Every structure is written in structure tokens, then in C-alpha cells.
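Protein sequences, first through last, are from chains A and B. Going by our numbering, the first residue of the first sequence is number -13, and it counts up by one from there. Going by our numbering, the first residue of the second sequence is number 47, and it counts up by one from there. For each residue, glycine too, the CB sits at the ideal point set by N, CA and C. Quick caveat: nothing in here was measured; it's all calculated off a predicted structure.
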Amino acid sequence: MKKIISAAIGLVLSCGAVFSAQAGPTLDAIKKKGFVQCGVSTGVAGFSNPNSQGVWSGIDVDLCKAIAATLFGDATKFKLSPLNTQQRFTALQSGEVDVLTRNTTISLQRDTSLGLRGLGVNFYDGQGIMVSRQLQVKSARELDGATICLQPGTTTELNLSDYFRSHKLKFKPVVIDNFDELVRAFAAGRCDAYTTDISALGIMRATMLPNPDDYVVLPELISKEPLGPMVRKGDDEWADIVRWTLNAMIEAEELGINSKNVDQLSKSGTPVIQRLLGSTPGIGKHLGVDEKWVYNIVKQVGNYGESFERNLGPSSPMKMQRGANALWSQGGLMYALPVR
Amino acid sequence: MPSPSVKRRSAFSWHQPRVRALVYQVLTLGLVLAGVAWLLDNTLANLATRRIASGFGFLQQEAGFAIGETPIPYEAHHSYGRAILVGILNTLRVSAIGIVLATVLGLIIGLLRLSPNGLLRGIARCYVEVFRNTPLLLQLFLWYALITDRLPAPRQAIEALPGIFLSNRGLALPTPADPMALTWAGAGLLLGVALLLIHAHHRRRAAAARALPGLLKAAVLIGLPVVGLVFGGERLGWSIPEQRGFGFSGGVLLSPEFATLLIGLVSYTSAFIAEIVRAGIQAVPAGQWEAASSIGLSRWKTYRLVVLPQALRVMVPPMTSQYLNLIKNSSLAVAIGYPDLVSVINTTLNQTGQAIEGVALIMAAYLTISLSISLLMNAYNRRIQLDGARP
């Protein structure tokens, strides 16, 4: 009898083992090839941008590194595919990349009919309008009949039309694919206004326009653009890893864990910190990764605040304030779901 | 009478070239069809497993985005289908005007290439080499930069003639306020055609009557519609552009993007056409020139009556491919912001995610336009071909 029971238990356990070993197809394939393939932008300073040596940096690149740290305990086990706005979804859908860590807005339509899954927000953005100071325009509502420069292939065109339609105003779009050419046309006065996400407007004004002080960003935000990582549907284990990597980065900032004090805190921190950093085992097993995964992220990449500071903050060339991207406890929107 | 054995062999045998050819053709066709079917099936299956909605249903949905230039009325609340139609019309507009202008300019440059005047020959040669040997995309960027950088802002627009303004928003022109004026222009055109037909008929009857000079014919065909347009405008009122707010209201605005694309396509294609014209003329045997001058024809008449009609036979087929190139090159519009077919579909497929359908629509549209041009040009080619010449 005992034998039969132990055999039955063994069978059940081995079944369990088989099930847990058989993750979704994406996760299995990533583990097999030994690195994560992330889709990033073709070059947006502060988000994902190569420097003169061809080394990429930005908050989106940091997220990709953090995913690698979660999965392999090594933040260097990743590769990047630069994708333009037209390529990004096809590349993800076809499996060319495993995850989009690329300034991409999450929306219902993308979640449903494109077969993708948005997994959280790593930057709260919104579409804004920039005009030349010379025009003496104070509000977007004064732009009736204006010519507006914009890049194709995003929700930008739709948001702009919606805003002007709902305020019964008219405008003429000039849609140019090539970013440099578009900025040149705007600087030359071809358009009265330029519209894109606020983050990109700031970067453009700081780095691309001849005299930054000649331009003002109007106060109206005409859309919400929550940017975040996306994966394709159909592999929940893989989606979990991406989602909780992002949450762990934010949670680490909430708890005051950064790359400098992480070694010390993993030994002497509060019980909550000890559990997060894997000194007290548990959460790693649930996620199916090494117990030290959060430790690896913070040690090798940093917490969310460090990543923001390094790539976008006042000490970076972007000189961006945290604003909506500050922690919820400091008046922002960044709120980590409990990593426990 | 053939023997029975020969007859049997000719009925169905591997040694028969016709049978072999048939088998190969059926096999090839089968392979191609199987390949296409496999690709189609594979795509559909993949779309289904990734839960991506497919099909052309999205064409009826509201587009929601604005287009800068609309030959037909279009607003953001119209459908994607109508937006794409606007894109097709924009492509056709720039291509049609581009083909006419490139042909005229190419013909002039080609003739200059053979001019006895060394300076003119040199200039024409420079033109051809410069435009033919640099990338069109680069030329477009250059033209666009010149146009947008050099022209003044709308508030400082140059008023070239009363009611005609030139600025970096484009060229604002007055138009008749009422579309009825176009009817008057159409009536003028009909009248012109009728007059010329009556004259031709009359001339056939009385052989002594002199032929009308080409210039007069052109004046009748172009002048009468213009008179109709102006007359219609006078009766129904003009819409004259006025500086208002950020730009102009009233009249019609030719955008810098349209001008850039048109100038770029015309200068680039005309360089190729010039070479075709030169080659065509040089293909006419020297004896024809000598014969023409021996009967005392002037240089112009030699070209018009003897050389060009013969050169045309050589020129038409390569011209066709230049026209097709011009149409396809117009898709570079996306680089400088002219809302052509590709630009509109780009936006559409980004909003809907229907990449495969969008690309299929682009291909279908270009294929239809190109095949129509080929068909027309081939028909024209057959008409001017010598009897008995190989098509």
C-alpha cells in the first residue's frame, strides 16, 4: 500500500516537474539561446540611443538589461534590435524580438487586435505642442488654421486630429517620415507648430533646434501616452518576468535600495528588503528564476530612480524633471505592485 | 499519307517538343501555384495564431487623421478607404503632371545635346550628367531645403501679381469661387476640339487649303478653356487668397511639398528622357538627314517631318519604362511630406496594424497604374510601328 502511495506521489510530483519545466515557447527559446532580444527605438536620446562608440543607453535599454539580469543573473546577456515605428509591432509579432522595450504607447487597440500585451508603464508621457516664441501663441486653442509638422506612424496624428476636431479648429498637417528632415523643415518655418510626446519635444528643443529659447511648449497635453514594455500574447510565464522586472525596479526605489547600498541592505535590511533581495528565499521560486533576481537587477542596473536620473534627469543632457514619473509617495504616478 | 507509326508518335510522346513544352509549363505553373498557396496559408495561419485580425474590413472604419492636400473633399471623420483614395489621387496628380513636364523638358534637353552650338551642348550635357548621376532622394532633400529655407514666412509673403502669393506655405492662387466655372472651361475645350475637327474636315475636301501651324492649334486648345475659366470666374466670382491667421484663406494653395516632388521628379526623369531622345535621333540613318537637306528643308522641318517620326519608333519603348520609373519614384514623397499613396497607407497601417493588407493595397495600386500606362504606351507603339516590323 505504502509503495503504491509513494509511487502515486512520485508520479504526481514528476508530472508537476514536467509542467513547471515546460514554460511557454518564448521563455524556453530565450533560455535556450542564452540572451534576451529587445526591440528598441532607432535612436531617441534618454530612452534608447547609441553613443559615438555605438554603445546603447537609456531607460528602455536599462529595462532590457534588467530583464536579462532577472532571467540569467547577468545584465549583459541581451541584444538590441533598433526598430522604427512601422517595424516595431511586426518585429514583435513575428518573433524577431522577444520584448519591445521601446518608447511605445500602450492602448486597447494594440492590446487586442495586434495580439500584443502591455505590461506596465516605465514612462508617463503625453502629446504636447511646441511653437516658435515669435508667434506669441499662448494656448493650443489659438492655433486655428495653423500648419503643424509631425512624424507619421504613431498615435500622434490621431490625437492631433481628435483635439482639433473636438475644439472645432482646423489645421494642415505636414507629415515627414525622416526625423532630421522634419525638424529642419520646422526650424525653417515651414510649420507654425510641431507636435509629439512632451519628452521628445524637450529632447528636440535641447539638442536639435538652433536656439532652444526661441521655442515654447504650450501648456495643453492633448493625449495620455503611457510608455511601457510589450510582449506578444500566448506566453504568460515570459510576460510575468517582464512585468515583475519593471515592478521590482520601482519597488527597489520605493524601499530606498540602490546599486550602492544593495550589498549592505541584503545583509542588514528590514524583513521586507531581505525578502525582496532574496536573502530570505521565496519570490524567486514563484517567478521561476534565481532567488537573487532583484539583487542582480539593482546591483547591475540600478533602481528605477537611478536609471531615470542617469538617462533623463537634471544631471543628464535631457534635463528632465521627474514630474509624473516621480514615485507616488512624492506626488508622481510611479507605483510598484507589491513584489512579494 | 503519314504511316500509322508516325501518327501514334505524334499523338503523345516525350519526343514531341510540343508535348515536352506542355508538360514543363504545367509543372512550372503547378509549382508556382503551390508556392503561392503555401505562402498564403502560412501567413493566414500565423496571423490566426498571433490573434491578429485580418481582412479589408478596416477600410470602412473612420480614419480619424487629417491629410494636408486633398483633391477631393476629405475630413478626419471620413473612412480609411476615402483617405487611401485621396492618396492615390495625389500620386496620380503629381505623376501625370510630372510625365508631361518631364517629356517636354527631356525633349528640349535631348535636342540641345545635339545642337551645333558648343555652349548649349555643354550645358545640356552637364544637366544630364548631374541629374542622372545623383540619387533622387538627395535631390529632393536639396530642393525641399531650398524652397522652405529661402521663401519668406506667410506674413511676409511675396505678392508676385495681385492675388498671387509666394511664401514657405506654397503658392497661393485665385480660383473661380464656383465649380461651375470648370464647366465653362470644359465647354471652351470642346469648342476648340470641334473647331479643329471642322477645319481638318474642310481641308481634306479642299486640298489647296493651308495646314494650320502647330502653335495656332495649341493656342486654340489651351486658350479657349482659359477664356472659359476666366469668363466663368467673372460671372460667378473669384475666390482670392487673403493673408489670414497663420496662412491664407480662399483660392488654392500649391504646397512646397508638391512643388518639391514635381521639380525633383521632372528634373531627374527628364535627364534620362534626354538621353533616350538623343539616342533615338542618332539612330536615324545619316542618309535621311542628307535627303532632307537636299530637298531644301530647314533644320526645324527636318526634325519635325523626317527625323523625329522615325526616332519615335526607337524612343517609345524605353520612354515607357521612364514613365513607370517616375510613377514609382513618386513614392519618395514620404521623405518630404507630400501625402501620396504610400504616405497615407503608412499612417493607415500604423493606426490599424493591418500591415499585410496595406502593403497589398500599395502594390495593387502601383501595379494597376503601371500596367495601364504600359498598355497605353504599347498601343501607341503598335500604331507608330512600321508595318511588318516586329512588335
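For the stretch 69 to 99 of chain A, the set of residues with a beta-carbon nearer than 7 Å to any beta-carbon of chain B comprises Thr71, Gln72, Phe75, Thr76, Gln79, Ser99, in chain order. Within chain A, the C-beta atoms nearer than 7 Å to that of Phe292 of chain B come from Gly131, Ala132, Thr133, Asp178, in chain order. If the five residues before and after Arg261 of chain A are omitted, its C-beta is found closer than 8 Å to the C-beta atoms of Gly268, Ile269, Arg326, all from its own chain and listed in chain order. Proximity of Arg119 of chain A to chain B, defined by a Cβ-Cβ separation below 8 Å, is not satisfied. The beta carbon of Val203 of chain A lies closer than 6 Å to those of Gly114, Met116, Leu187 in the same chain, with the five residues before and after it left out.
Interface residue (Cβ-Cβ distance to chain A less than 8 Å): Gly383 of chain B is classified as such. Within the stretch 382 to 408 of chain B, the residues whose Cβ lies closer than 7 Å to some Cβ of chain A are Ile382, Gly383, Pro385, Ser389, Asn392, Thr393, Asn396, Gln397, Gly399, Ala401, listed in chain order. Taking 3 residues as the minimum length, the beta strand (DSSP E) runs contained wholly in the stretch 109 to 191 of chain A are 109 to 111, 113 to 118, 132 to 136, 157 to 161, 179 to 183, in order along the chain. Taking the Cα of Lys210 of chain A as reference, the smallest distance to any Cα among A:Gly101, A:Asp183, A:Lys51 is reached at A:Asp183.
Ranked by how close their Cα comes to the Cα of Gln400 of chain B, the residues B:Tyr126, B:Ile193, B:Val239 have B:Tyr126 in first place. Restricting attention to A:Arg176, A:Gln23, A:Gln95, A:Asp199, the CA atom closest to the CA of Arg196 of chain B is found in A:Arg176. In the DSSP assignment, Glu239 of chain A falls within the unbroken alpha helix (DSSP H) covering 222 to 240.
The contact set of Phe157 of chain A on chain B, defined by CB atoms closer than 8 Å, consists of Ala112 in chain order. For Thr306 of chain B, the closest Cβ of chain A is not nearer than 8 Å.
Under the Cβ criterion (8 Å, minimum of three pairs), the stretch 15 to 26 of chain A counts as touching the stretch 66 to 79 of chain A. Met194 of chain A carries a coil assignment under DSSP once its states are collapsed to helix, strand and coil. With respect to Leu298 of chain A, Pro215 of chain A sits apart: the two C-beta atoms are not nearer than 8 Å. With a cutoff of 8 Å on beta-carbon distance, Val388 of chain B and Ile130 of chain B are scored as not near each other. Residue burial is scored here from C-beta neighbours: Tyr201 of chain A has at least 16 other C-beta atoms within 10 angstroms and is therefore classed as buried. About 5 Å separates the CB atoms of Ser293 of chain A and Ile45 of chain A; that is less than 8 Å, so the two are in contact. For the options B:Ser340, B:Ile408, B:Gly156, B:Leu166, the alpha carbon positioned closest to that of Gln328 of chain B is the one of B:Gly156.
Only residues of its own chain outside the window of five on either side were considered, and among them Val312 have a CB closer than 7 Å to the CB of Leu147 of chain B, listed in chain order.
Here DSSP, grouped into helix, strand and coil, assigns Ile113 of chain B to coil. When 8 Å is used as the limit between beta carbons, Pro302 of chain B is near these residues of chain A: Arg176, in chain order. Assigned with DSSP and collapsed to three states, Lys210 of chain A falls in coil, not helix or strand. Residue state for Pro215 of chain A is assigned as coil, using DSSP reduced to three classes.
Within chain B, the residues whose beta carbon sits less than 9 Å from that of Glu167 of chain A are Phe187, Tyr190, Ala191, Ala381, Ile382, Gly383, listed in sequence order.
According to the DSSP assignment, Tyr201 of chain A belongs to the beta strand (DSSP E) that extends over 201 to 203. Residue contact check for Asn424 of chain B against chain A: no CB pair falls below 8 Å.
Residue A:Gly288 holds the alpha-carbon nearest to the alpha-carbon of Leu232 of chain A among A:Thr256, A:Ser265, A:Gly288, A:Ala31. Between the stretch 116 to 133 of chain A and the stretch 242 to 259 of chain A there are fewer than three C-beta pairs closer than 8 Å, too few to call the two in contact. In the structure shown, Ile341 of chain B adopts coil according to DSSP, grouped into three states. Ile193 of chain B: member of the alpha helix (DSSP H) spanning 182 to 196, first to last residue.
Only residues of its own chain outside the window of five on either side were considered, and among them Ser376, Asp386, Leu387 have a CB closer than 7 Å to the CB of Thr137 of chain B, listed in chain order. Around Met320 of chain A, the same chain offers Ile236, Tyr290, Asn311, Ala312, Leu313, Trp314 as residues with beta carbons nearer than 7 Å, after the five sequence neighbours per side are excluded. Listed along chain B, the residues sitting closer than 7 Å to Leu144 of chain A by beta-carbon distance are Gly110, Phe111, Gln397.
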